[in-house]
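Here's the structure, in structure tokens; my notes come after.
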Amino acid sequence: MKIDKCIKTLLLSLVVMPFCTGCDNETDSSPINGDYDGRTVMVTVGDVINTNARVETRAVHTKEIFTQPLDKNKDTGLDVETTIESIDPVQTRAVVPLEMTKFRLVAYKSGEVSPANYAGQGDFQTDDKGMTTAITGHELFLPEGLYTFVCYSYRNMEDIPAFDGSATSVPVKSGDEFMTFTKTGVDVKADASGVFTLRDVVFVHHSALVQIEVSAAGYPEDNKISQCEAVIQNMNGAAKWTMGTADSKNLEGENESVPFTWNTLDADVVTSEQVKILSFENKNLSLLFSKLTIGGIQFDNTEIVLPMKQLSPAGNYKITVRLTRNFIEVGGYKWAKGNVYTEGAKFYIEANQQAYHKGQDGGSYFSWNTLTVDPNSYNRGEYSTEKDPCYQIEPKGTWQTPSRDEYYALVQAGFEFDEAEKGGWYGGKSSGVFLPATGIRFLNISGTIDLVLEDEVAFYGTRIGVTSNQKCNYLQLESYGTLVTDGEYKSTGMPIRCVKINNE
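This is the structure:
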């Protein structure tokens with residue numbers, strides 16, 4: 000009988016022991032009482048779904064291209080062409096397990112996430128197959144009742160920094176692949192084994208992967224890259240994530256510079272390591288090369304501006320920087336690789352020949368020899384470089400609006416209208432100068448503005464005034480690509496393809 004009694008006592012202690020383990024996860028400052036008096040339950044987590052996994056299956060590829068001069072102070076004959084390519088996974092219903100990751104589950108009594116409602120925390124990890132287990136000594140036990148669960152992870156197998164239940168935020172920094180999951184109104188009840196399993200845990204990513212590739216293929220001489228160090232400036236350097244906020248909300252924190260490193264140099268194309276960047280709203284980014292040596296020539300402190308860019312959480316981005324010649328030579332002249340446009344009182348060349356800023360006030364239509372897109376503003380006198388949009392493009396004084404003779408040389412080089420691309424090629428298709436059919440902007444006698452014939456015809460303005468102070472030459476782009484010499488009213492808004500002043 001004594002033996003049976005000892006066996007029963009031992010069995011009872013084995014049943015009770017698990018419910019005693021982890022009791023220190025509940026704090027004295029946030030007692031569980033009222034509706035939370037009752038059976039103690041061990042909380043586990045089911046399969047963790049990683050729907051934002053960075054996979055390339057059925058991925059969507061998008062590209063943005065930015066072009067700027069290599070040196071804003073002088074014409075080197077070279078542009079820096081920057082391409083941002085995103086490889087964004089298509090969201091599907093397929094379950095992608097979260098592998099080899101530690102994460103923390105924090106419980107709050109149902110209601111506001113606050114220190115007063117803190118109920119406990121537990122740490123978990125997944126194996127190489129995505130199976131989840133509680134970390135010994137860090138299990139979570141709760142009385143039955145309603146809870147809000149907050150889950151976060153740094154997407155690695157390192158120990159998660161200690162969390163004090165008196166706080167409601169956790170530290171985050173660039174380099175962290177930070178993820179969160181929040182679920183409210185969870186009714187915790189024990190199953191037959193005394194366990195509650197939290198299911199449908201779907202993490203939201205707060206970081207993007209970014210990689211930079213530098214190519215010197217367009218460099219005219221020895222194009223080996225022997226030095227390359229860069230940082231992206233104005234990135235989001237979040238200091239914390241506040242629990243209880245929406246998982247999709249951008250992180251709080253000051254801007255910071257994120258460095259990139261290259262392991263292999265002495266090549267014409269070098270690629271950096273991938274860096275984890277925290278998400279942010281649209282902002283002007285700056286890519287600064289503190290060191291850049293190509294063909295033995297230093298381009299240190301070359302800065303590339305990427306206007307109004309947003310890196311989406313869970314996105315996979317590749318930024319390609321390459322040197323290219325900043326002109327296309329046709330008819331004996333050096334032509335810009337895109338139309339001129341104005342934005343924010345500054346002047347730029349479009350990123351490619353087909354592009355233009357649409358709309359009558361979009362920035363692509365200029366009245367004769369004027370710096371604004373206002374159709375009521377145009378030069379009634381003689382041509383002036385200070386009023387020429389092309390002349391203002393950095394480096395200032397490199398470009399100008401073409402003359403009649405320069406446009407005539409373009410026409411003489413051969414013309415082919417491309418119906419599919421809505422424009423015309425001068426000097427050979429695909430290798431010559433392409434002028435898009437942007438239409439033409441008229442200022443009517445009544446004062447109304449009409450933008451007509453887009454995708455059909457375009458008049459390209461010249462710097463030559465004719466017949467009277469009210470008219471100017473223009474290149475009429477349609478099926479014949481002809482040069483018109485009898486003039487058009489100076490108030491008429493036309494696109495401009497700039498030509499180099501120094502044609503050497």
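In terms of numbering that gives the first Met the number 0, the sequence shown has 221 at position 222, counting the first letter as 1, and numbering is strictly consecutive. Using N, Cα and C, we set each Cβ at its ideal position, and we do this for glycine too.
Under the rule that 16 or more other beta-carbon atoms within 10 Å means buried, what is P374, buried or exposed? Within the sequence shown, residue 374 is the residue found at index 375, counting from 1. P374 is buried by the Cβ-count criterion.
Chain-order list of residues whose beta-carbon lies under 7 Å from that of H356 (same chain, five-residue window excluded): On the sequence shown, residue 356 is found 357 positions in, with the first residue counted as 1. These residues qualify, in order along the chain: Y340, G362, S363.
Excluding the five sequence neighbours on either side, which residues of its own chain have a C-beta within less than 7 Å of the C-beta of I276, listed in chain order? Walking along the sequence shown from the start, residue 276 turns up at place 277. Same-chain partners within the cutoff: S173, S206, A207, V209, M234, V257, L310.
Residues near S383 in its chain [Cβ-Cβ closer than 8 Å; skip 5 each side]: Here the question's residue 383 lines up with position 384 in the sequence shown. For S383, where only same-chain residues beyond five positions count, the Cβ hits under 8 Å are N368.
Taking contact to mean at least 3 C-beta pairs separated by less than 8 Å, is the region 111-127 in contact with the region 136-144? yes
Sheet register partners of N315 (DSSP bridge): The count along the sequence shown starts at 1 and reaches residue 315 at position 316. DSSP lists L208 as partners of N315.
Candidates D360, K188, T179, D127, of which the one nearest V42 by Cα: Mapped onto the sequence shown, residue 42 falls at position 43. Of D360, K188, T179, D127, the residue nearest in Cα terms is K188.
Would T504 and I303 qualify as a contact pair, given that the criterion is a beta-carbon distance under 7 Å? Given that the chain is displayed from residue 0 to residue 503, the structure contains no residue 504 and the question cannot be resolved.
Over the uninterrupted alpha helix (DSSP H) stretch that includes A133, give me the two end residues. Translated into positions along the sequence shown, residue 133 becomes position 134. Careful: A133 lies outside any alpha helix (DSSP H), inside the beta strand (DSSP E) at 131-133.
Within 10 angstroms of the Cβ of T179, are there 16 or more other Cβ atoms? Answer buried if so, exposed if not. On the sequence shown, residue 179 is found 180 positions in, with the first residue counted as 1. The residue is buried, with at least 16 neighbouring Cβ atoms inside 10 Å.
Validate contact between the region 239-257 and the region 318-335 using beta carbons, cut 8 Å, 3 pairs: no
Three or more beta-carbon pairs under 8 Å between the region 152-162 and the region 218-229, yes or no? no
Span of the alpha helix (DSSP H) around R403: Numbered from 1 along the sequence shown, position 404 holds the residue referred to as residue 403. Run containing R403: 403-411, per the alpha helix (DSSP H) assignment.
Please tell me whether I439 and Q359 are closer than 7 Å, where the distance is taken between their beta carbons. Against the sequence shown, residue 439 aligns to sequence position 440. Against the sequence shown, residue 359 aligns to sequence position 360. No, Cβ-Cβ distance for I439 and Q359 is not below 7 Å.
When the Cα of E176 is compared with those of F202, K62, F195, which residue comes out closest? Looking up residue 176 in the sequence shown gives position 177. For the residues F202, K62, F195, the minimum Cα distance to E176 belongs to F202.
Report the residue from P142, T66, D70 whose alpha carbon sits nearest the alpha carbon of V185. Here residue 185 refers to the residue found at position 186 of the sequence shown. Selected option, being the one with the closest Cα: P142.
Thinking K489 and Y377 are a contact (beta carbons under 8 Å), I'd like their distance in whole angstroms, please. For the purposes of this step, residue 489 is taken as the residue at position 490 of the sequence shown. For the purposes of this step, residue 377 is taken as the residue at position 378 of the sequence shown. About 5 Å separates the two Cβ atoms, so the contact holds.
T183 to V112, Cα distance in whole Å? One-based indexing of the sequence shown puts residue 183 at position 184. One-based indexing of the sequence shown puts residue 112 at position 113. C-alpha separation (whole angstroms): 10 Å.
Under a Cβ-count criterion, where at least 16 other Cβ atoms within 10 Å of its own Cβ denotes burial, should R462 be classed as buried or exposed? For the purposes of this step, residue 462 is taken as residue 463 along the sequence shown, with counting starting at 1. Under this definition R462 is a buried residue.
Buried or exposed for P68, please, with buried defined as at least 16 other CB atoms from any protein chain shown within 10 angstroms of its CB. To locate residue 68, count along the sequence shown from 1; it is residue 69. Result: buried.
Is it the case that the Cβ atoms of K108 and N116 are separated by a distance below 7 Å? Within the sequence shown, the letter at position 109 stands for residue 108. Within the sequence shown, the letter at position 117 stands for residue 116. It is a contact, given that the beta carbons lie within the stated cut-off.
Between Y316 and S85, is the Cβ-Cβ spacing less than 7 Å? Residue numbering aside, residue 316 sits at position 317 when the sequence shown is read from its first letter. Residue numbering aside, residue 85 sits at position 86 when the sequence shown is read from its first letter. Yes, these two residues count as a Cβ contact at 7 Å.
Output the distance between the C-alpha atoms of G423 and G431, rounded to the nearest integer angstrom. Indexing the sequence shown from 1 puts residue 423 at position 424. Indexing the sequence shown from 1 puts residue 431 at position 432. About 10 Å.
Could you pull the DSSP bridge partners for P170 from this structure? Translated into positions along the sequence shown, residue 170 becomes position 171. According to DSSP, P170 bridges with K239.
Suppose you measure from the CA of T39 to the CA of D190; what does that come to, to the nearest Å? Within the sequence shown, numbered from 1, the residue matching residue 39 stands at position 40. Within the sequence shown, numbered from 1, the residue matching residue 190 stands at position 191. If I take the Cα positions, the gap works out to 11 Å.
What is the rounded straight-line gap between the Cα of N300 and the Cα of L286? If you number the sequence shown from 1, residue 300 lands on position 301. If you number the sequence shown from 1, residue 286 lands on position 287. If you take the alpha carbons of N300 and L286, they lie about 10 Å apart.
Going by beta carbon distance, what residues of the same chain come within less than 7 Å of S247, once the five residues before and after it are set aside? For the purposes of this step, residue 247 is taken as residue 248 along the sequence shown, with counting starting at 1. Within the same chain, S247 has close Cβ partners V203.
Can you say whether I231 is buried or exposed, counting buried as having 16 or more other CB atoms within 10 angstroms of its CB? Counting from 1 along the sequence shown, the entry for residue 231 is found at position 232. Burial call: buried.
Cβ neighbours of V149 in the same chain (closer than 6 Å, five flanking residues each side left out): Position 150 of the sequence shown, counted from the start, is the residue given in the question as residue 149. Same-chain partners within the cutoff: V105, T181, M242.
Please determine, among L322, P388, A344, the residue with the shortest C-alpha to C-alpha distance to S214. Along the sequence shown, one-based indexing puts residue 214 at 215. Per the Cα distances, L322.
CB contact flag (F102, S152, <7 Å): Counting from 1 along the sequence shown, the entry for residue 102 is found at position 103. Counting from 1 along the sequence shown, the entry for residue 152 is found at position 153. Closer than 7 Å, so yes.
Endpoints, beta strand (DSSP E) assigned at W424: Looking up residue 424 in the sequence shown gives position 425. That run of the beta strand (DSSP E) goes 422-425.
With the cut-off set at 7 Å, would you say F346 and Q391 are in Cβ contact? Against the sequence shown, residue 346 aligns to sequence position 347. Against the sequence shown, residue 391 aligns to sequence position 392. Their beta carbons are under 7 Å apart, which means F346 touches Q391 by this criterion.
Nearest-angstrom Cα separation, counted from Y459 out to W334: On the sequence shown, position 335 is the one that residue 334 refers to. On the sequence shown, position 460 is the one that residue 459 refers to. Those two C-alpha atoms are separated by around 13 Å.
What does DSSP give as the partner residue(s) for K333 in the beta ladder? In the sequence shown, counting from the first residue as 1, residue 333 sits at position 334. Paired residues: E328.
Whose CA, out of W261, G295, V372, lies closest to the CA of L450? Mapped onto the sequence shown, residue 450 falls at position 451. The shortest C-alpha separation from L450 is found at V372.
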